[in-house]
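Presented below is the structure to which this report refers.
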Amino acid sequence: MKAVLCKEFGPAESLVLEDVASPVVKKNEVLLDVHAAGVNFPDTLIIEGKYQFKPPFPFSPGGEAAGVISEVGEKISHLKVGDRVMALTGWGSFAEQVAVPGYNVLPIPSSMDFNTAAAFSMTYGTSMHALKQRANLQPGETLLVLGASGGVGLAAVEIGKAMGARVIAAASSAEKLAVAKAAGADELINYNETSLKDEIKRLTDGQGADVIYDPVGGDLFDQAVRAIAWNGRLLVVGFASGRIPELPVNLALLKGASVVGVFWGSFAQRQPQDNAANFQQLFGWFAEGKLKPLVSQVYPLSNAAQAINDLGQRKAVGKVVVQVR
């Protein structure tokens with residue numbers, strides 16, 4: 001099979017496309033014929049040795065995939081050969097085949113194509129877990145989404161609306177905010193043109209945002225935490241800005257606020273029944289047309305390095321997908 005390989009830590013340009021042996025399936029795994037793979041921010045980190053997991057060389061990046069099961073391990077009973085599925089792989093999806101533990105695989109709705117499915121699991125799984133289990137977002141609350149035109153950001157906008165929240169979308173350009181508006185955002189903040197903190201307070205009559213969804217970190221975290229509501233929850237999702245911020249804890253004390261970590265991958269493994277319930281709700285909203293995943297760019301497997309670079313340089317809106325078949 002063909003696979004994009006990382007043979008040493010470095011930039012995306014150092015990745016190579018080669019023929020390698022197909023994976024050997026363990027008893028608790030399935031073999032997936034990959035049709036499409038989602039590109040995510042961890043892919044930019046894992047190839048440079050900056051992610052919390054460091055696979056042995058050589059490895060393929062790609063943390064999520066969609067395709068058809070071609071082989072099933074003997075301990076797997078809930079999946080079968082021929083099933084159309086999405087899978088959380090951690091790495092390995094930028095290849096024609098990948099072996100995946102059965103608990104990380106979900107059947108996809110018949111109405112969902114492979115490119116959409118490859119763009120769905122990580123972004124919507126993360127945002128659903130963040131807003132439901134971690135933030136306990138309630139109807140009528142105000143949700144602020146930073147980086148609102150990115151994959152997880154757009155998912156948070158849509159899910160927030162589906163849960164009945166008033167959604168304020170924040171992004172770095174008018175073009176990106178237009179994408180968030182189309183996804184259902186009620187209010188928009190261009191944080192390259194105005195003070196994020198001041199705009200949050202203006203749009204909430206000085207009360208602040210009840211829930212802040214932050215996949216960006218850096219300076220935006222510093223501003224947002226100063227405009228959080230009483231009993232607010234600030235969700236730490238990621239650090240796309242490149243800087244992990246530090247919190248003056250007196251700010252949490254003064255607002256009775258919580259700073260809450262979001263690690264969906266670990267949640268999915270530790271609480272698989274809760275994760276499955278989340279996805280049943282997500283698939284229901286998808287069927288109702290409340291969730292409309294935006295795949296803005298599709299790259300061939302041979303151009304996976306460019307896909308990673310475009311995402312890392314924050315050129316993409318919505319989701320970027322590598323099409324394998």
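Here UniProt numbering is used: position 182 in the sequence shown is 182, and no number is missing along the way.
Note that beta-carbon positions come from the ideal geometry of N, C-alpha and C, so glycine has one too.
Inset, instruction - Tell me where the beta strand (DSSP E) around residue 127 begins and ends. - result: Within the sequence shown, residue 127 is the residue found at index 127, counting from 1. Not the beta strand (DSSP E): residue 127 falls in the alpha helix (DSSP H), residues 121-129.
Legend entry - Beta-carbon gap between residue 179 and residue 167 smaller than 9 Å: Here residue 179 refers to the residue found at position 179 of the sequence shown. Here residue 167 refers to the residue found at position 167 of the sequence shown. Cβ distance not < 9 Å, so residue 179 and residue 167 don't count as in contact.
Inset, instruction - Please go through the same chain and pick out, in chain order, the residues whose beta-carbon is closer than 6 Å to the beta-carbon of residue 90, but skip the five residues on each side of it. - result: Numbered from 1 along the sequence shown, position 90 holds the residue referred to as residue 90. Hits under 6 Å: 63.
Inset, instruction - Please say whether residue 149 and residue 326 have beta carbons closer to each other than 9 Å? - result: Only positions 1 to 325 of the chain appear in this structure, which leaves residue 326 out of reach.
Inset, instruction - Following the continuous beta strand (DSSP E) through residue 319, name the residue where it begins and the one where it ends. - result: The sequence position of residue 319 within the sequence shown is 319, counting from 1. First-last of the beta strand (DSSP E) with residue 319: 319-323.
Inset, instruction - Just tell me which of 47, 2, 29 and 41 has its CA closest to the CA of residue 8. - result: Sequence index remark: in the sequence shown, residue 8 carries index 8 (1-based). Nearest C-alpha to residue 8: 47.
Legend entry - Cross-strand partners of residue 298 (DSSP beta bridge): As a working mapping, residue 298 is identified with position 298 in the sequence shown. BP columns for residue 298 point to 321.
Inset, instruction - Identify whether residue 28 lies in helix, strand or coil by the three-state DSSP scheme. - result: Indexing the sequence shown from 1 puts residue 28 at position 28. It is coil, neither helix nor strand.
Legend entry - Bridge partners - residue 71, DSSP secondary structure assignment: The residue labelled residue 71 in the question sits at position 71 within the sequence shown. Answer is 31.
Inset, instruction - Taking residue 324 as the reference, give the member of 213, 97, 197 and 174 with the closest Cα. - result: For the purposes of this step, residue 324 is taken as the residue at position 324 of the sequence shown. It is 97 whose Cα lies nearest to the Cα of residue 324.
Inset, instruction - Return helix, strand or coil for residue 275, following the three-state DSSP convention. - result: Here the question's residue 275 lines up with position 275 in the sequence shown. Helix.
Legend entry - Same chain, Cβ closer than 7 Å to residue 295, neighbours up to 5 away in sequence not counted: For the purposes of this step, residue 295 is taken as the residue at position 295 of the sequence shown. So the qualifying residues of the chain are 115, 116, 119, 318, 319 and 321.
Inset, instruction - Note down the Cα distance separating residue 291 from residue 21, rounded to an integer number of angstroms. - result: Position 291 of the sequence shown, counted from the first residue, corresponds to residue 291. Position 21 of the sequence shown, counted from the first residue, corresponds to residue 21. One C-alpha to the other measures close to 38 Å.
Inset, instruction - State the beta-bridge partners of residue 43 as determined by DSSP. - result: For this step, residue 43 is matched to residue 43 along the sequence shown. Paired residue(s): none; residue 43 is not in a bridge.
Inset, instruction - Would you identify the three-state DSSP class for residue 192, choosing helix, strand or coil? - result: The residue given as residue 192 occupies position 192 in the sequence shown. In this structure, residue 192 counts as coil in the three-state DSSP scheme.
Legend entry - Local Cβ density within 10 Å of residue 279, reported as buried at 16 or more and exposed below that: Indexing the sequence shown from 1 puts residue 279 at position 279. By the 10 Å Cβ count, residue 279 comes out buried.
Inset, instruction - Note down, one range per segment and in chain order, each alpha helix (DSSP H) of at least 4 residues found wholly within the segment 246-276. - result: 249-255 and 264-270
Inset, instruction - Going by CA-CA distance only, name the one from 314, 269 and 220 that's closest to residue 246. - result: As a first step, residue 246 must be located in the sequence shown, where it is residue number 246. Residue 220 is the option with its Cα nearest to residue 246.
Inset, instruction - Per DSSP, which residues does residue 201 bridge with? Please list them. - result: Here residue 201 corresponds to residue number 201 of the sequence shown, with the count starting at 1. None, per the DSSP bridge assignment.
Legend entry - Cα-Cα separation, residue 303 to residue 86: Start at 1 with the first residue of the sequence shown, and residue 303 comes out as number 303. Start at 1 with the first residue of the sequence shown, and residue 86 comes out as number 86. Rounded to whole angstroms, residue 303 to residue 86 spans 22 Å at the Cα level.
Legend entry - Inter-stretch contact (C-beta, 8 Å, three-pair minimum) for the segment 232-252 and the segment 199-218: yes
Legend entry - Cβ-Cβ separation, residue 184 to residue 212 (assumed contact under 8 Å), whole Å: By one-based count along the sequence shown, residue 212 stands at place 212. By one-based count along the sequence shown, residue 184 stands at place 184. That belief does not hold up - the Cβ atoms of residue 212 and residue 184 are roughly 18 Å apart, past 8 Å.
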